[in-house]
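Presented below is the structure to which this report refers.
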Amino acid sequence: MEKIRTCGRALSGPLMAALLGVFAWNGHLLVLSALPLLVYLWRGASSRRDAFLVALTYYLAAGRGLFHGAGVFFGNSTALPSWVYGFLIWTIPSVVLASVWAALWGDCKRPIRLLVVLLFISVPPIGVIGWANPITAAGALFPGTGWWGLLACIAALASLSYASRPGVACAAIVLGAGVANAFYHEPTEPRWEALDTQLGASNGSDDDFDRLHTLLDQVEQSAADHPDTKVFVLPELVGGDWSMNALWWQRTGAALRSRGQTVLVGALTPLDRNSHYVNALFSVGADANRSFVDRVPVPYSMWKPWASGGADAFWFASGVHDFAGTRIATLICYEQLLVWPILHSFMHGPRLIVGAANDWWARDTSIARIQHEATAAWGRLFGVPIVWARNA
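Offset between the sequence shown (1-based) and my numbering: plus 1046.
This is the structure in structure tokens:
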């Protein structure tokens, strides 16, 4: 009987962590306020192994969409079964992140250990896969408070790592969050509009022409229907190869310019003969000929430093630009799941977050909802609006 009770206690932590991962990362921003419980579960582990299992089940649950989504993405491009790629891309990053929590688990100096964990999972190199970060809870807990709110969230996490009366610590967090939320006011909506698309995956030159004209028609119709909109945002990579397709946007660009409007088009531009390219947003219309790069392309599928091709990375660029009369921070797809790119951006004082994603491969998963949830959380923390466009 004692062995059964011991086993039950050992399993309760990982089970609760898995439930937390599913509950917090489901597309509803305010439930991110539950993320500090991860620290409480980590603290309550009775061994390094149990701490590893707590973190592992949390990350596996939070990233549950990767198993199916990555399988779809790689399914037609490799000799291995799609589920193998899905399983590896789902589990390997989860194991790496959980190993950080396990390595720094211990009874002494827990707040310091926790701060080191948060640092390691938030900045490169491990931070490159540092999704489902608990400090994202800052946007749900302390909206509109900016850097002070981020520090308050980190302090709240640290308090749960050592407080002798965790119930009191939780009550203090709830009280502080209640006050911050009571005084928070949503930022004024900008004259920007996201144009979602349903183009699916590009199958190469065979359907690029049809996709291009679908985009042109959509932009022209939206511009006519919404003359007060200043900037339209299209999703990541829907514009194809910009070195070839930019020409097709000239007529639409002239029409937009005459109305004082601009569109940001997600596309790529080749860099050299080795198939290197830049993933970016390109502007057409009144504020034309600007490009805003994807700083952190998806590792393995896009960013391949070991290969002769792939997307170039700009890890330490700010992503902040003065554009169309405002200061914007761009977050392209994978960047939305990470911590350091957006915090780097907010060191430069943006007034608007512009997000673009291409989630055709994840249309039946939670991934797109989580991307939007994370992006909205950072906008809410710093009190700035977001514009987020997605291709499914």
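Quick reminder that beta carbons are idealized off the backbone N, C-alpha and C, glycines included.
Beta-carbon proximity check, residue i vs residue j, cutoff 8 angstroms
i: R1159; j: L1150; result: yes
i: W1288; j: T1315; result: yes
i: G1067; j: A1178; result: yes
i: L1245; j: V1284; result: yes
i: P1281; j: D1242; result: yes
i: A1080; j: G1059; result: no
i: L1317; j: D1358; result: yes
i: A1435; j: V1311; result: no
i: G1115; j: Y1131; result: no
i: I1388; j: N1325; result: no
i: P1345; j: V1174; result: yes
i: A1202; j: P1082; result: yes
i: L1181; j: C1199; result: The identity of residue 1181 in the sequence shown is Ile, whereas the question assumes Leu. Yes, Cβ-Cβ distance for I1181 and C1199 is below 8 angstroms.
i: P1343; j: Y1380; result: yes
i: W1386; j: V1220; result: no
i: R1370; j: W1406; result: One point to set straight first is that residue 1370 is Ala, not Arg, in the sequence displayed. The answer is no: Cβ separation not under 8 angstroms.
i: T1063; j: L1087; result: Thr is not the amino acid found at residue 1063; the sequence shown has Ala there. A contact, by the Cβ cut-off of 8 angstroms.
i: A1269; j: Q1296; result: no
i: S1337; j: F1119; result: no
Limits of the beta strand (DSSP E) - the one that residue i falls within
i: A1435; result: 1432-1437
i: I1374; result: 1372-1378
i: I1512; result: Outside the displayed range of the chain (1047 to 1438) lies residue 1512, so it cannot be described from this structure.
i: F1362; result: F1362 -> no beta strand (DSSP E), and no H or E assigned at all.
i: T1308; result: 1308-1316
i: V1339; result: 1337-1339
Backbone secondary structure at residue i - three-state DSSP
i: D1410; result: coil
i: Y1346; result: coil
i: N1325; result: strand
i: H1074; result: coil
i: A1204; result: helix
i: W1238; result: strand
i: A1357; result: strand
i: T1191; result: coil
i: T1275; result: coil
i: G1331; result: strand
i: D1287; result: strand
Sequence-distant residues of its chain with Cβ nearer than 7 angstroms to residue i (five each side left out)
i: F1360; result: V1339, R1341
i: P1233; result: G1429, V1430, P1431
i: A1148; result: R1094, A1097, F1098, A1101
i: F1113; result: G1132, F1133, W1136
i: V1162; result: L1150
Own chain partners of residue i with C-beta closer than 6 angstroms, once the 5 adjacent residues on each side are dropped
i: S1207; result: V1085, R1089, R1156, P1157, L1160
i: V1366; result: A1375, S1391, H1394, P1396
i: P1236; result: L1398, P1431
i: R1373; result: P1396, R1397
i: V1433; result: W1238, A1240, V1279, V1400
i: A1209; result: A1215
Endpoints, alpha helix (DSSP H) assigned at residue i
i: H1367; result: Taken as a continuous stretch (DSSP letters only), H1367 belongs to no alpha helix (DSSP H), being part of the beta strand (DSSP E) at 1366-1369.
i: N1227; result: 1212-1228
i: P1157; result: 1156-1168
i: P1139; result: 1128-1149
i: A1080; result: Careful: A1080 lies outside any alpha helix (DSSP H) and carries neither H nor E.
i: R1096; result: Arg is not the amino acid found at residue 1096; the sequence shown has Asp there. Per DSSP, D1096 belongs to the alpha helix (DSSP H) from 1094-1108.
i: T1298; result: 1296-1305
i: P1387; result: 1386-1392
Close beta carbons around residue i, own chain, < 8 angstroms, minus the five adjacent residues each side
i: L1427; result: A1184, G1185, F1188, P1189, G1190, T1191, G1192, G1195, L1196
i: G1111; result: A1408, T1411, S1412, I1413, I1416
i: G1286; result: S1248, D1254, R1257, L1258, A1313, L1314
i: T1275; result: R1237, W1238, E1239, S1268, A1269, Q1307
Residue i beta carbon near the ligand HEM (any heavy atom closer than 7 angstroms)
i: V1433; result: For the ligand HEM, the structure offers nothing, since it holds no ligand at all.
Any chain B beta carbon closer than 8 angstroms to residue i
i: P1157; result: The question asks about chain B, but that chain is absent: this structure has only one protein chain.
Exercise. So does the stretch 1101-1111 actually touch the stretch 1059-1073, counting three or more Cβ pairs closer than 8 angstroms?
Worked result: yes
Exercise. Does the pairing of the stretch 1134-1144 with the stretch 1264-1278 give three or more beta-carbon distances under 8 angstroms?
Worked result: no
Problem set entry | Three or more C-beta pairs below 8 angstroms linking the stretch 1219-1226 and the stretch 1409-1421 | no
For this session: Say whether the stretch 1387-1406 touches the stretch 1093-1103, bearing in mind that this needs 3 or more beta-carbon pairs closer than 8 angstroms, one atom from each stretch.
Result: no
Exercise. For the 8 angstroms Cβ check, are there 3 or more pairs between the stretch 1297-1308 and the stretch 1322-1331?
Worked result: yes
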